[in-house]
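Participant: As they're listed, the protein sequences go chains A and B. Residue numbers are given in my numbering: position 72 of the first sequence equals residue 72, and the series is strictly consecutive. Residue numbers are given in my numbering: position 244 of the second sequence equals residue 1244, and the series is strictly consecutive. Quick one: this structure, given as structure tokens, is what I'll be asking you about.
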Amino acid sequence: MVKNKKQPAVIKDLESIRTMIRRHKRNDLIFAAVGMFVIASLTITLLVLFLDLILDGYPRFTLDFFTSYPSRKPEIAGILSAWVGSSLVLLVTFFVAVPLGIAAGVYLEEYAKKNWTSDIIEINVSNLAGVPSIIYGLLALGLFVYAFGLGQSILSAGLTLALLMLPIVIVSTREAIRAIPIHIREAAYAVGATKWQVVYDHVIQYSYGGILTGVIIGMARAIGETAPIITIGALTFIAFLPPTPVTVDPPFLNFEWLSSGFTVLPIQMFNWISRPQHAFHINAAATGAIIIILTALMNGAAIKLRYNIRKKIKW
Amino acid sequence: MVMQKNKHNETIKAEAKNLNFFYADGTQALKGVTLPIYENKITALIGPSGCGKSTFLRSFNRMHDLYPGNKYEGEIILYPDNTNILSKKVDPIEVRMRISMVFQKPNPFPKSIFENVAYGLRVRGESNKRVLDDKVEEALKGASLWNEVKDRLEDLAFNLSGGQQQRLCIARALATDPEIMLFDEPTSALDPIATVNIEELMSELKKKLSILIVTHNMQQAARISDYTAYMYLGELVEHDDTNKIFTNPSKKETEDYITGKFG
């Protein structure tokens, strides 16, 4: 390279530095391109899928579709029992998984002594989030349906989905708690607060955003779950509604719906897909589009909530 | 009741006696420190980083108890009731109810200005709105912050400037009428004007209580403190009137440190 021996060493170094920077920048570019490609192909796949469902199901997006029971005639069949079933099952899931999950997360993070038992619990909880949902279905079939005698009911289904959602809530609770800086905790202890006062007045209050996000993402996952619900024996054709949870007469609450048979949106969709008539496939596409819209709305709400809450908290 | 006095007839508020401290990993951060804190005086702790002055300060409100494995040996006696606040029989929460602390970085809670100051009272079970209002106002006045925030007590504490936040933390520590206030480098994150404000505030506060302050800034120790203790490698090298320490220290190491030959 060096033809002119009088050229100062600095200049030569400058040349090699520039070559090096060019090489490193090329790596930057390659990585960015690969990333763009991966993200674009994922997004486009999802969009195409969604658009396909919308286009197929388009004729069925009517009010009647939401207010009709399933039927042998595809053009008058609807998803009334399915969306009511999904809502009630999710209601049970919410009230079981959220308090249990938050309590477990707070306990593990704040109270549990750090030793090998807590390590094992930690590994287990993280792994639970990745267990195939059919396994939860089998567990629930043995435990809730038969051992506890809850039958093929909304309660069984809600508890099953709660199992699925629990690890997500626990993990997000712990992560949200860990994000609270140590000097805020010390400030609370320094004025004479007890552990419970610190947890209740500060830790839980400041980790709300993260916990809520976990809850909504967990619910969004639960709404689309099919395998475990089929395993515990949800019905596929239901032309009735469970008893209403709220009544006009005192005591205004009624819990008979918990033991009612039910179906949910993904099962209704599955059922229609497996019919030979094309008209039912249109119904299935419409239901699929609705599930995707619901999931997207829930995830969107999670992001918006987290953003709003984070805006208020600056460490 | 035994009133402990020194040669100037000043009352001793608290005294560390032969205090050793070990962190969970076994390192000994304090080695046989004996040091009195006088009532209505400011005692400053100076020394190079890692000399144990913050560790010493945080022993006074048992902050080390929050982390498992830490161990104290020796005593810190609080007068006039002669309580050894390091004793296993004394609940750390009881100690923190009597001795409050202001931290290095302003650390207000992500709550309103009012709730920040009221929190110590709420922890003590006070829920009467009128009592809370009065105490919060008194504490904010005591921390010379009242005039700046009286019209926006419901604002989030984070909307205050750094210096205001630190005075808010002082108000929070003051609201519960502590006997001693601990300051852990309270001005190291603040600009010079905010620093002057806090220093003036401390000189005002010592009329009501006793102050122990850790500072990296020797001029600050010289300006505000009545007594100064120089620590090095976990040991107390010298402790005396601030004037004496800065004009005529009896130990060579102290002189080297304050004249900048070392540190």
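Where is the CB? At the ideal position from N, CA and C, for every residue including glycine.
How about A/Thr226 and A/Ile79: do their beta carbons lie closer than 7 Å?
Facilitator: Here residue 226 of chain A is taken as the residue at index 226 of the first sequence, counted from 1. Here residue 79 of chain A is taken as the residue at index 79 of the first sequence, counted from 1. No. Outside cutoff.
Participant: Counting only the same chain and skipping the five closest in sequence on each side, list residues whose C-beta sits under 8 Å from that of B/Glu1199.
Facilitator: Against the second sequence, residue 1199 of chain B aligns to sequence position 199. Closer than 8 Å at the Cβ level, and outside the excluded window around B/Glu1199, lie Thr1187, Gln1220, Arg1223 and Ile1224.
Participant: Suppose contacts are defined by Cβ-Cβ distances below 7 Å. Is B/Lys1017 in contact with B/Glu1075 by that definition?
Facilitator: Position 17 of the second sequence, counted from the first residue, corresponds to residue 1017 of chain B. Position 75 of the second sequence, counted from the first residue, corresponds to residue 1075 of chain B. A contact, by the Cβ cut-off of 7 Å.
Participant: From the DSSP output, which residues share a beta bridge with B/Ser1210?
Facilitator: Indexing the second sequence from 1 puts residue 1210 of chain B at position 210. B/Ser1210 pairs with B/Ile1180.
Participant: Mind listing which residues of the stretch 1103-1123 of chain B have their C-beta closer than 7 Å to chain A's C-betas, in chain order?
Facilitator: Going along the stretch 1103-1123 of chain B in chain order, one finds Phe1103, Lys1105, Asn1107, Phe1109, Pro1110, Tyr1119, Gly1120 and Val1123 with a Cβ nearer than 7 Å to chain A.
Participant: Measuring only the C-alpha atoms, how far is B/Phe1109 from B/Ile1170?
Facilitator: Within the second sequence, the letter at position 109 stands for residue 1109 of chain B. Within the second sequence, the letter at position 170 stands for residue 1170 of chain B. Each residue's Cα considered, the two are about 13 Å apart.
Participant: Along the chain, where does the beta strand (DSSP E) that runs through B/Gln1028 open and close?
Facilitator: Residue 1028 of chain B sits at position 28 when you count from the first residue of the second sequence. Looking at the DSSP string, the run of the beta strand (DSSP E) that includes B/Gln1028 is Gln1028 to Tyr1038.
Participant: Tell me whether B/Glu1073 sits in a helix, a strand or coil according to DSSP, three-state version.
Facilitator: To locate residue 1073 of chain B, count along the second sequence from 1; it is residue 73. Strand.
Participant: Taking all protein chains shown into account, decide if B/Met1101 is buried (16 or more other Cβ within 10 angstroms of its Cβ) or exposed.
Facilitator: The count along the second sequence starts at 1 and reaches residue 1101 of chain B at position 101. Counting Cβ neighbours within 10 Å, B/Met1101 comes out buried, since at least 16 surround it.
Participant: Check the Cβ-Cβ distances between A/Gly192 and every residue of chain B, and say whether any is below 7 Å.
Facilitator: Against the first sequence, residue 192 of chain A aligns to sequence position 192. Closer than 7 Å: yes.
Participant: Would you report the Cα separation of A/Pro242 and B/Glu1094, rounded to the nearest angstrom?
Facilitator: Your numbering for residue 242 of chain A matches position 242 in the first sequence. Your numbering for residue 1094 of chain B matches position 94 in the second sequence. Cα-Cα distance, rounded: 56 Å.
Participant: On a CA-only basis, which of B/Gly1234, B/Thr1247 and B/Thr1034 is nearest B/Leu1022? Give me that one, please.
Facilitator: Position 22 of the second sequence, counted from the start, is the residue given in the question as residue 1022 of chain B. Sequence check: residue 1022 of chain B is Phe here, not Leu. Closest option to B/Phe1022, Cα to Cα, is B/Gly1234.
Participant: What residues are listed by DSSP as bridge partners for B/Met1231?
Facilitator: Taking the first residue of the second sequence as 1, we reach residue 1231 of chain B at position 231. B/Leu1236.
Participant: Can a CB atom of chain A be found closer than 7 Å to the CB of B/Arg1062?
Facilitator: Within the second sequence, numbered from 1, the residue matching residue 1062 of chain B stands at position 62. No, because no Cβ of chain A sits closer than 7 Å to the Cβ of B/Arg1062.
Participant: When you compare each of B/Glu1185, B/Asp1177 and B/Leu1190 to B/Gly1120 by their alpha carbons, which one comes out closest?
Facilitator: The residue you call residue 1120 of chain B lines up with position 120 of the second sequence. The candidate whose alpha carbon is nearest that of B/Gly1120 is B/Asp1177.
Participant: Buried or exposed for A/Val34, going by 16 or more other Cβ atoms inside 10 Å?
Facilitator: In the first sequence, residue 34 of chain A corresponds to position 34, counting from 1. That one is exposed.
Participant: Below 7 Å between beta carbons: does that hold for A/Ile232 and A/Thr160?
Facilitator: Taking the first residue of the first sequence as position 1, residue 232 of chain A is located at position 232. Taking the first residue of the first sequence as position 1, residue 160 of chain A is located at position 160. In this structure, A/Thr160 lies closer than 7 Å to A/Ile232 by Cβ.
Participant: Count the other C-beta atoms from every protein chain shown that fall within 10 angstroms of the C-beta of B/Arg1130, then say buried if there are 16 or more, exposed otherwise.
Facilitator: As a first step, residue 1130 of chain B is located in the second sequence; it is residue number 130 there, counting from the start. Burial call: exposed.
Participant: Please compile the residues from chain A whose C-beta is within a distance smaller than 8 Å of the C-beta of B/Ile1085.
Facilitator: Your numbering for residue 1085 of chain B matches position 85 in the second sequence. Below the 8 Å Cβ cutoff, chain A contributes no neighbours of B/Ile1085, its closest Cβ being approximately 13 Å away.
Participant: From A/Leu143 to A/Leu150, what distance separates their C-alpha atoms?
Facilitator: In the first sequence, counting from the first residue as 1, residue 143 of chain A sits at position 143. In the first sequence, counting from the first residue as 1, residue 150 of chain A sits at position 150. In this structure, the CA atom of A/Leu143 is about 9 Å from the CA atom of A/Leu150.
Participant: Return the CA-CA distance between B/Asp1191 and B/Trp1146, expressed in angstroms with no decimal places.
Facilitator: Working through the second sequence from its first residue, we reach residue 1191 of chain B at position 191. Working through the second sequence from its first residue, we reach residue 1146 of chain B at position 146. Cα-Cα distance, rounded: 20 Å.
Participant: Distance, Cα to Cα, B/Phe1060 vs B/Met1097?
Facilitator: Working through the second sequence from its first residue, we reach residue 1060 of chain B at position 60. Working through the second sequence from its first residue, we reach residue 1097 of chain B at position 97. Straight through space, the alpha carbons of B/Met1097 and B/Phe1060 are spaced by roughly 12 Å.
Participant: Where does A/Lys311 sit, in a helix, a strand or coil, going by DSSP?
Facilitator: Here the question's residue 311 of chain A lines up with position 311 in the first sequence. The answer is helix: DSSP assigns A/Lys311 an H, G or I state.
Participant: What residue range is occupied by the uninterrupted alpha helix (DSSP H) comprising B/Leu1045?
Facilitator: Here residue 1045 of chain B refers to the residue found at position 45 when the second sequence is read from its first residue. Run containing B/Leu1045: none in the alpha helix (DSSP H); it sits in the beta strand (DSSP E), Ile1042 to Ile1046.
Participant: By how many angstroms is the C-alpha of A/Val89 removed from the C-alpha of A/Val131?
Facilitator: Numbered from 1 along the first sequence, position 131 holds the residue referred to as residue 131 of chain A. Numbered from 1 along the first sequence, position 89 holds the residue referred to as residue 89 of chain A. Looking at the two C-alpha atoms, the distance is approximately 21 Å.
Participant: Got a sec: is the Cβ-Cβ distance from A/Ala112 to anything in chain B below 7 Å?
Facilitator: In the first sequence, residue 112 of chain A corresponds to position 112, counting from 1. Not an interface residue.
Participant: So which of A/Asp28, A/Leu53, A/Trp83 and A/Gly57 has the shortest CA-CA distance to A/Phe66?
Facilitator: For the purposes of this step, residue 66 of chain A is identified with residue 66 of the first sequence, where counting begins at 1. Comparing Cα positions, the closest option is A/Trp83.
Participant: From the DSSP secondary-structure annotation, give me the bridge partner or partners of B/Asn1020.
Facilitator: Taking the second sequence and counting its residues from 1, the one referred to as residue 1020 of chain B is at position 20. For B/Asn1020, which the question treats as bridged, DSSP gives the partners B/Glu1073.
Participant: Flag A/Ala176 as yes if its beta-carbon sits less than 7 Å from any beta-carbon of chain B, otherwise no.
Facilitator: Taking the first sequence and counting its residues from 1, one reaches residue 176 of chain A at position 176. So no, A/Ala176 is outside the interface.
Participant: Counting contacts by CB-CB distance shorter than 7 Å, is A/Ala187 in contact with chain B?
Facilitator: Here residue 187 of chain A corresponds to residue number 187 of the first sequence, with the count starting at 1. Interface annotation, A/Ala187: in contact with chain B, CB-CB separation under 7 Å.
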